[in-house]
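**Q** Have a look at this one before I ask anything.
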Amino acid sequence: MRRAVRLLDVGRFLPLPALALALTLVAGGFAAWAGQDWYRAAHDEQAAYAAQRDAALSAGEQAVQNLNTLDHRELKRGLDLWESSTTGELHDQLASGRDEFAAQMKEAKTVSTARVLSGAVTELDDRAGRARVLVALRVTVEAADGAKSDKDSRMLGELTRTGGRWKLSALGQAPVGGTSTG
Numbered sequence: 135m136r137r138a139v140r141l142l143d144v145g146r147f148l149p150l151p152a153l154a155l156a157l158t159l160v161a162g163g164f165a166a167w168a169g170q171d172w173y174r175a176a177h178d179e180q181a182a183y184a185a186q187r188d189a190a191l192s193a194g195e196q197a198v199q200n201l202n203t204l205d206h207r208e209l210k211r212g213l214d215l216w217e218s219s220t221t222g223e224l225h226d227q228l229a230s231g232r233d234e235f236a237a238q239m240k241e242a243k244t245v246s247t248a249r250v251l252s253g254a255v256t257e258l259d260d261r262a263g264r265a266r267v268l269v270a271l272r273v274t275v276e277a278a279d280g281a282k283s284d285k286d287s288r289m290l291g292e293l294t295r296t297g298g299r300w301k302l303s304a305l306g307q308a309p310v311g312g313t314s315t316g
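Per the working numbering, the sequence shown starts with residue 135, numbered consecutively.
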């Protein structure tokens, strides 16, 4: 009986080097597992695609908001923002009509402020650097007499990646509603 008790007592306590080895193996296994998981996440094409989609959406929403916001008291700043948010034909149109539009805004003395309600990327070709977004926004227009009016609209925008940044290359009103059943 004494002998059996002695064997159990010896098995209860692990010597310090064995415990250190066990902890080192567990820590090494965890580090290998975490490293492999990190490597997979860092090189995941879907994660990179999702990041581009999010970047396009954020840039598209901001650009649509920029193009629907303008204060007659700060025309230069507002129109510069329009031009920095756009590229291609849309940029060319805004730049060529800038003086005429500025004159109209000075005469009307209005302030328009846009707020994005929601947005979505409808198409994304990451390799070609092209995307399409649908942005819902509320535009508040304040007239010279102080009267305010709100208008909700949905805009379709095309984005082009230039210099590593997404910029609007086309913008138009999205169709609203469906066909009536008669």
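No residue lacks a Cβ here, since even glycine has one placed at the ideal position from N, Cα and C.
Throw me the rounded Cβ distance for the residue 217 and residue 225 pair, which I believe falls under 8 Å.
**A** Correct: roughly 6 Å between the Cβ atoms.
**Q** Quick check on the DSSP output: what are the complete beta strand (DSSP E) runs of length 3 or more inside the stretch 224-267, in order along the chain?
**A** 245-259, all fully within the stretch 224-267.
**Q** Based on DSSP bridge pairs, tell me the residues matched to residue 271.
**A** DSSP, once it has assigned bridges, lists 250 and 287 as partnering residue 271.
**Q** Can you name the start and end residues of the beta strand (DSSP E) that residue 306 belongs to?
**A** Note, residue 306: beta strand (DSSP E), 299-307.
**Q** By a C-beta neighbour count over all protein chains shown, 10 Å radius and 16 as the cutoff for buried, is residue 300 buried or exposed?
**A** Buried: at least 16 other Cβ atoms inside 10 Å.
**Q** Excluding the 5 residues preceding and the 5 following residue 293 in the sequence, name in chain order all residues of the same chain whose CB lies nearer than 8 Å to its CB.
**A** The answer, listed in chain order, is 190, 193, 194, 197, 264, 265, 266, 267, 300, 301, 302 and 303.
**Q** Is the distance from the Cβ of residue 182 to the Cβ of residue 175 below 8 Å?
**A** It is not a contact, given that the beta carbons lie outside the stated cut-off.
**Q** Which residue wins for smallest C-alpha separation from residue 188, given the options 254, 201 and 212?
**A** Checked all of 254, 201 and 212; the closest Cα to residue 188 is 254.
**Q** Using DSSP's beta-bridge definition, name the partner residues of residue 174.
**A** Looking at the DSSP assignment, residue 174 forms no beta bridge with any residue, so it has no partner.
**Q** In angstroms with no decimal places, state the Cα-to-Cα distance between residue 158 and residue 173.
**A** Distance between the alpha carbons of residue 158 and residue 173: 22 Å.
**Q** Any idea what DSSP makes of residue 294, helix, strand or coil?
**A** If DSSP states are grouped into helix, strand and coil, residue 294 belongs with the strands.
**Q** Alpha helix (DSSP H) containing residue 190: first to last residue?
**A** Unbroken alpha helix (DSSP H) run through residue 190: 179-201.
**Q** Taking the beta carbon of residue 317 as the centre, do at least 16 other beta carbons fall within 10 Å, making it buried, or is it exposed?
**A** In this structure the chain extends from 135 to 316, so residue 317 is not present and cannot be described.
**Q** Return the CA-CA distance between residue 163 and residue 251, expressed in angstroms with no decimal places.
**A** Rounded to whole angstroms, residue 163 to residue 251 spans 47 Å at the Cα level.
**Q** Per DSSP, what are the beta-bridge partners of residue 205 in this structure?
**A** In the DSSP output, where bridge partners are listed per residue, residue 205 has 245.
**Q** Roughly how many whole angstroms lie between the Cα atoms of residue 289 and residue 168?
**A** Each residue's alpha carbon lies about 44 Å from the other.
**Q** Measuring CA to CA, which of 245, 256 and 272 is closest to residue 279?
**A** With distances taken between Cα atoms, residue 279 lies closest to 245.
**Q** Pull up the distance between the alpha-carbon of residue 285 and that of residue 262, whole angstroms please.
**A** Going from the Cα of residue 285 to the Cα of residue 262 covers about 34 Å.
**Q** Secondary structure at residue 221, three-state DSSP: helix, strand or coil?
**A** The answer is coil: DSSP assigns residue 221 none of H, G, I, E or B.
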